[in-house]
Structure formats: structure tokens, C-alpha cells
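Taken in order, these protein sequences are the chains called L and D.
According to our numbering, the first sequence is numbered sequentially starting from 2.
According to our numbering, the second sequence is numbered sequentially starting from 665.
All remarks here apply to the structure that follows.
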Amino acid sequence: DGGITQSPKYLFRKEGQNVTLSCEQNLNHDAMYWYRQDPGQGLRLIYYSQIVNDFQKGDIAEGYSVSREKKESFPLTVTSAQKNPTAFYLCASSSVSATNEKLFFGSGTQLSVL
Amino acid sequence: AQSVTQLDSQVPVFEEAPVELRCNYSSSVSVYLFWYVQYPNQGLQLLLKYLSGSTLVKGINGFEAEFNKSQTSFHLRKPSVHISDTAEYFCAVLNSGYSTLTFGKGTMLLVSP
Numbered sequence: 002d003g004g005i006t007q008s009p010k011y012l013f014r015k016e017g018q019n020v021t022l023s024c025e026q027n028l029n030h031d032a033m034y035w036y037r038q039d040p041g042q043g044l045r046l047i048y049y050s051q052i053v054n055d056f057q058k059g060d061i062a063e064g065y066s067v068s069r070e071k072k073e074s075f076p077l078t079v080t081s082a083q084k085n086p087t088a089f090y091l092c093a094s095s096s097v098s099a100t101n102e103k104l105f106f107g108s109g110t111q112l113s114v115l
Numbered sequence: 665a666q667s668v669t670q671l672d673s674q675v676p677v678f679e680e681a682p683v684e685l686r687c688n689y690s691s692s693v694s695v696y697l698f699w700y701v702q703y704p705n706q707g708l709q710l711l712l713k714y715l716s717g718s719t720l721v722k723g724i725n726g727f728e729a730e731f732n733k734s735q736t737s738f739h740l741r742k743p744s745v746h747i748s749d750t751a752e753y754f755c756a757v758l759n760s761g762y763s764t765l766t767f768g769k770g771t772m773l774l775v776s777p
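Below you can see the structure in the form of C-alpha cells.
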């Protein structure tokens, strides 16, 4: 089955620790995205990448880092600089088009601080 | 900046009643509009989209939305809801000159028997 796989489903972070969220897709999509979801806040864009070895900051990139070494993979690292990391993180992908007409989403990772 | 406003954070409704979820967007010469649905602890799924053409757009699960340029609205409707429609619904916009979607804050649809 084609789709997007996020892992782990639940993740706990200790103070001062970096953690990495995994996102893999086998849809042959060029573009990939990371969103953060907080209750009542909707989805906010952290980073996105439209091609391998290139990525751009979204609206709330501070305290996060990404890499795009392979087309299929777009891991997100939540660094110790992110002071309020507890949230639901969603990865998405799409074929690159002018209309960005359909995003495919993973099932999310819930990150909590111990 | 492109923006979208969902006026209601929660909409409670009884089963088999009609429902409308409201969405207003920032105006642009060229705009694309989307509704996504999120079931608990899952990612989002596309319900429907407006790119061009007919202003009445039909989506999955019996939902439809109408693009109203003069009122800059894209309200989502369903004539008769089911318990299984309980979920959070997100409106999203893509204006010309932008390459990523902007999502609204979501509306939680609560369907009770």
C-alpha cells in the first residue's frame, strides 16, 4: 500500500534532549511537509521541502531542524531550543504542482515532555 | 499574508440534522480552497477542493461546499449527518504567489444521537 508512515506514534522527551521524528513516504512525491498541531490552533507549518537536499522554513521553524537526503524521507528533529515541544506532529507529502491540490498525511506523532 | 478563518470552534448537532461549517478566507486574484477532515488520533484526509469552475463542489461522504467570491467564503454543508461524521474539520487556502497551504484553526463537529 502506498502512503506515509510516521514513527513513533508516541514519543517522550526529557529536558535538554533532542528527539527525532521519522517520516517516510512511498508515493514518489517530491514535496514533504511538517506541521505542528496544538488544540484550538489548527495546523502550523514548521518546515517543507520541495526537492531532495533543499528545504525551507515555515511559520514556526525555531527550535526545529530537518534534512532531506532521500526523496522518501524527511525526518524532523525537535531540539532542546524548542521550549514548548508538546504537540501532535503531522507529516505530509504531495506531488509538486502549482495548485498543491492534495496533501497526503501520516497518522501523526504525539510528543510529550517528561 | 494568506489567511483563513473558521468562525466556530465546535458545532454540536443531532444525528440526521443538516449542518454548515463556516470558513472565510483572505481575498486574492487566484485562490484555491480545501476542506480536510481529521478523525481522532489520525492524520487529515481531503474532503473536497475548489480550484476553478463550478462554485458548488461535491466531496466524499455526502459533503459539499460553495465558493462565494463576493463574501470570500467557502462553507461546508451536509444535509443529514451521521454519528460517524464526528471529527475535526479544517478549511485551508492557497493564494496565488504562495506555495504552501494555510489552515484554519479547525471546527469540531459533534454528532449526537
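All C-beta atoms, glycine included, are put in the ideal place defined by N, C-alpha and C.
Here the structure is a predicted model, which means the values were calculated and not measured.
Beta-carbon proximity list for D/Ser-692, same chain, < 6 Å, skipping 5 on both sides
Closer than 6 Å at Cβ, skipping near neighbours: Asn-759, Ser-760.
Please report the distance separating the alpha-carbon of D/Ala-779 from that of D/Leu-773.
Since the first and last residues shown for chain D are 665 and 777, residue 779 of chain D lies out of range.
Alpha carbon of L/Gln-7 to alpha carbon of L/Gln-26, nearest angstrom:
C-alpha separation (whole angstroms): 9 Å.
Inter-residue Cα distance where the pair is L/Phe-105 and L/Asp-39:
Going from the Cα of L/Phe-105 to the Cα of L/Asp-39 covers about 19 Å.
Quick one: which chain L residues come within Cβ less than 9 Å of D/Phe-678?
Going along chain L, no residue has its Cβ under 9 Å from D/Phe-678, so there is no contact; the nearest lies around 24 Å.
I want to see whether chain D comes within less than 9 Å of L/Ile-5, judged by CB atoms only; does it?
Answer yes: the Cβ-Cβ gap between L/Ile-5 and chain D drops below 9 Å somewhere.
Any contact of the segment 46 to 61 of chain L with the segment 695 to 709 of chain D, i.e. 3+ C-beta pairs under 8 Å?
Segments in contact, no.
Within this structure, are the beta carbons of D/Lys-769 and L/Gly-43 separated by less than 9 Å?
Contact flag set, yes.
D/Asn-705, enclosing beta strand (DSSP E) - first and last residue:
Where D/Asn-705 is concerned, there is no enclosing beta strand (DSSP E), given that its DSSP letter is neither H nor E.
Considering Cα atoms alone, identify which of D/Ile-747, D/Leu-720, D/Lys-733 is closest to D/Arg-741.
For the residues D/Ile-747, D/Leu-720, D/Lys-733, the minimum Cα distance to D/Arg-741 belongs to D/Leu-720.
Are the CB atoms of L/Tyr-65 and L/Val-79 nearer to each other than 9 Å?
Taking 9 Å as the Cβ cut-off, L/Tyr-65 and L/Val-79 qualify as a contacting pair.
Taking the beta strand (DSSP E) that L/Tyr-48 falls in, what are its first and last residues?
Taken as a continuous stretch (DSSP letters only), the beta strand (DSSP E) holding L/Tyr-48 covers 43 to 52.
With 9 Å set as the bound, which would you pick, yes or no: does the beta-carbon of L/Ala-93 sit closer than that to a beta-carbon of chain D?
Interface residue, yes.
Where L/Ile-5 falls: helix, strand or coil (DSSP):
If DSSP states are grouped into helix, strand and coil, L/Ile-5 belongs with the strands.
Please confirm if L/Arg-51 has its CB atom under 9 Å from at least one CB of chain D.
Residue identity check: residue 51 of chain L is Gln in the sequence provided, not Arg. Taking 9 Å as the threshold, the shortest C-beta distance from L/Gln-51 to chain D falls below it.
Quick one, which of D/Ser-716, D/Tyr-703, D/Phe-767, D/Pro-704 has its alpha-carbon nearest L/Arg-37's?
For L/Arg-37, the nearest C-alpha among the options comes from D/Phe-767.
Please identify, using Cβ separations under 9 Å, the residues of the segment 679 to 709 of chain D that lie next to chain L, in order along the chain.
Identification of residues in the segment 679 to 709 of chain D having a C-beta nearer than 9 Å to some C-beta of chain L yields Tyr-696, Phe-698, Tyr-700, Gln-702, Asn-705, Gln-706, Gly-707, Leu-708, Gln-709, given in sequence order.
When the distance is taken between beta carbons, is L/Phe-13 closer than 9 Å to L/Leu-91?
Result no, Cβ atoms of L/Leu-91 and L/Phe-13 do not sit closer than 9 Å.
Does DSSP put D/Asn-759 in a helix, in a strand, or in coil?
Residue state for D/Asn-759 is assigned as strand, using DSSP reduced to three classes.
What are the residues in the segment 21 to 35 of chain L lying within 8 Å of chain D by C-beta distance?
Listed in sequence order: Tyr-34.
Beta-bridge partners of L/Leu-77, as assigned by DSSP:
Paired residue(s): L/Leu-22, L/Val-67.
State the DSSP-derived secondary structure class of L/Asn-29, mapped to helix, strand or coil.
Here L/Asn-29 carries a coil assignment [DSSP, helix/strand/coil].
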